[in-house]
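Participant: In my numbering, the protein residues as written are 26 to 274. Cβ atoms here follow ideal geometry from the backbone N, Cα and C, with glycine treated the same way.
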Amino acid sequence: SRSTAAGLDRVHIVAHGWGAMLALDHALGPGGGGKGVASVTLISAPPSYKRLIEDRVASLSAPGFRQDYAEVLMEGDAGAGGGSALSDAGRALYDKAMAAWIDARVSARAAGACYEGLRVGGAGEGFGALRNTPASDVGVRSSSAVWKDMAGGKMFAVDGALSDWDADANGRLASAAESGVRAVKVYRGENDALSRDAAMEVVDGLARGVMDKSGVAFEEVEGAGSCVHLDRSAFFLDGVNAFISAHDA
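(1) Quick one, are the C-beta atoms of alanine 105 and glycine 178 less than 8 Å apart?
(2) Would you give the residue range spanned by the beta strand (DSSP E) that histidine 5 belongs to?
(3) What are the uninterrupted segments assigned as alpha helix (DSSP H) that are 4 or more residues long and contained completely in the segment 82–127, given in chain order?
(4) Using the three-state DSSP reduction, which class does arginine 35 fall into: helix, strand or coil?
(5) Return helix, strand or coil for glutamate 215, following the three-state DSSP convention.
(6) Taking 8 Å as the cut-off, decide whether the C-beta atoms of valine 206 and leucine 53 are in contact.
(7) Spatial neighbours of leucine 231 within its chain, please: C-beta separation below 6 Å, excluding the five flanking residues on both sides.
(8) I'd like to know whether the C-beta atoms of alanine 129 and leucine 98 end up nearer to each other than 8 Å.
(9) Per DSSP, what kind of secondary structure is serine 64 in: helix, strand or coil?
(10) Give the range of the alpha helix (DSSP H) segment to which alanine 48 is assigned.
(11) Between the C-alpha atoms of serine 26 and alanine 271, what's the straight-line distance to the nearest angstrom?
(12) Which same chain residues end up closer than 6 Å to glutamate 244 when comparing Cβ atoms and leaving out the 5 residues on each side of it in sequence?
(13) Which residue's Cα is closest to the Cα of serine 239: Ala110, Ser64, Asp174?
(14) Figure out for me which residue from Asp113, Gly264, Ser109, Ala95 has the closest Cα to the Cα of alanine 125.
(15) Indicate the three-state DSSP secondary structure (helix, strand or coil) for glycine 137 in the structure shown.
(16) Enumerated in chain order, which unbroken segments of the alpha helix (DSSP H) with a length of 4 residues or greater are wholly contained in the segment 169–219?
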């Protein structure tokens, strides 16, 4: 593992979205993957990838979201993904619709990392393009390749390597303590497309598996979408610092 390679006896993991899914895979992996993990902080962690997509699709029907936007986003993912099979006019509407969905459900901050970075490619040489910042050719190619491999290039349809991902595969949430996991905190932004019920499935599953129930916490954050760490960064960092401090023994 990276912690072993780095010579660390104990680590704290903080992860969002896909990263949260990978964090669960690591912490709940076979052979006591969580041993040496002092705490895990998850942001927008779904109980399964299929449930995440279901919630995203449901979010398109939320009051105030334009019907033509919802239709073009679904149509854009029905083909190759990302609106690539749409006409020029359809692609332009798709881009406007995606930007509106990101603002409402992901992060309204100008930085617009996370999904925006995957959609347009990274500024400089990596991910997380700033809005209105030209993406480099390397960033576009790398982000597009990852997006296609992991999610089939689609936001509102199940595809790619993540298709069958399940947080509770083989009942592993209930075996969290056996894997070495002792403390987990789950964050959800109140505007996240991932529903509260979905987030609570992860929380409740972990609560069955961690022997000390005080080691499992959930917090819903006002004024935030999926990217709680961006929308409410100071609040989030204070909370994470307190949680890590409490479980750093």
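Facilitator: To lay it out plainly:
(1) Contact: yes.
(2) Nothing can be reported for residue 5, as the shown portion of the chain is limited to 26 through 274.
(3) 92–103, all fully within the segment 82–127.
(4) Shown here, arginine 35 sits in coil according to DSSP, grouped into three states, outside any helix or strand.
(5) Of the three classes helix, strand and coil, the one that applies to glutamate 215 here is coil, per DSSP.
(6) With contacts defined as CB atoms closer than 8 Å, valine 206 and leucine 53 qualify as a contacting pair.
(7) Result list for leucine 231: Leu198, Ala201, Val209, Val241, in chain order.
(8) Not closer than 8 Å, so no.
(9) Three-state DSSP puts serine 64 in a strand.
(10) Start and end: 43–52.
(11) Residue confidence is low: serine 26 scores 46 on pLDDT, short of 50, so the model does not pin down where it sits. Its coordinate-derived value is still stated next. Whole-angstrom Cα-Cα distance: 24 Å.
(12) Closer than 6 Å at the Cβ level, and outside the excluded window around glutamate 244, lie Tyr212.
(13) Among Ala110, Ser64, Asp174, the Cα nearest to that of serine 239 is on Ser64.
(14) It is Ala95 whose Cα lies nearest to the Cα of alanine 125.
(15) Confidence at glycine 137 is low in this model, with a pLDDT of 45, below 50, so its placement is unreliable and the value that follows should be read with caution. Glycine 137 falls in the coil class under three-state DSSP.
(16) Runs found: 201–204.
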